[in-house]
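Just below is one structure, and these are the notes that go with it.
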Amino acid sequence: MPRPVHFEIHAGDPERAVAFYTAVFGWKFERWGDVPYWMITTGEGAGIDGGLIPRQGPAPEASAPIHGFVNTIDVADLDEALGEVNRAGGTLALPKNPVPGVGWLAYCKDTEGNVFGMLEADENAPAPE
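Under the UniProt record's numbering, the residue at position 65 of the sequence shown is numbered 65, and the numbers go up by one with no gaps.
Following this line, the structure appears as structure tokens:
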């Protein structure tokens, strides 16, 4: 079965986006040659790595529907991660909600207007009320 093997973040201000993801998740960014592209290492073990590229057009409007995939990042403590997002200049797009038997999920926007998810595993997460 085919699986995702790479992701890309499109950014109006690549350096600002690098600072955001470094502050929130501790990801490592390395400029790739002379082109405006950064390779992203998200950590050791299972998961995928990606890249960051300058956006080729305007940023998404705040009220625009999501286009494409939403990448969800595994975090140990969702409340702590949401605080890091806020401190790094990101915003909440979908509040923390339980996913029954799976964990707690929230969507955020980075400094470039891109939506991403964060999930704290918790098999005891209840059904929404």
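Backbone N, C-alpha and C fix where the C-beta goes; we use that ideal spot for every residue, glycine too.
Range of the contiguous beta strand (DSSP E) that encloses P4: Here P4 belongs to no beta strand (DSSP E), and DSSP marks it neither H nor E.
Buried/exposed call for M1, threshold 16 Cβ in 10 Å: By the 10 Å Cβ count, M1 comes out exposed.
Neighbourhood of P126 by C-beta distance below 6 Å, restricted to the same chain and skipping five residues each side: Taken in chain order, the residues that qualify are P98.
Residues bridged to A106 (per DSSP): Partner(s): M118.
Validate contact between the region 79–86 and the region 43–58 using beta carbons, cut 8 Å, 3 pairs: Contact annotation: the region 79–86 does not touch the region 43–58, with fewer than three C-beta pairs closer than 8 Å.
Outcome for F20 when other beta-carbon atoms lying within 10 angstroms are tallied against a minimum of 16: F20 is buried by the Cβ-count criterion.
Nearest-angstrom beta carbon gap, E8 and G51 [assumed within contact, 8 Å]: Between the beta-carbon of G51 and that of E8 there is about 5 Å, and that keeps the pair under the 8 Å contact cut.
Cβ neighbour criterion (16 or more within 10 Å) applied to D77: Counting other Cβ atoms within 10 Å of its Cβ, D77 stays below 16 and is therefore classed as exposed.
Own chain, CB closer than 7 Å to L94, minus 5 neighbours either side, in chain order: Cβ within range, chain order: A106 and Y107.
Bridge partners - F29, DSSP secondary structure assignment: Answer is I40, bridged to F29.
I53 vs P4 beta-carbon contact at 8 Å: Not in contact: I53 and P4 (Cβ atoms no closer than 8 Å).
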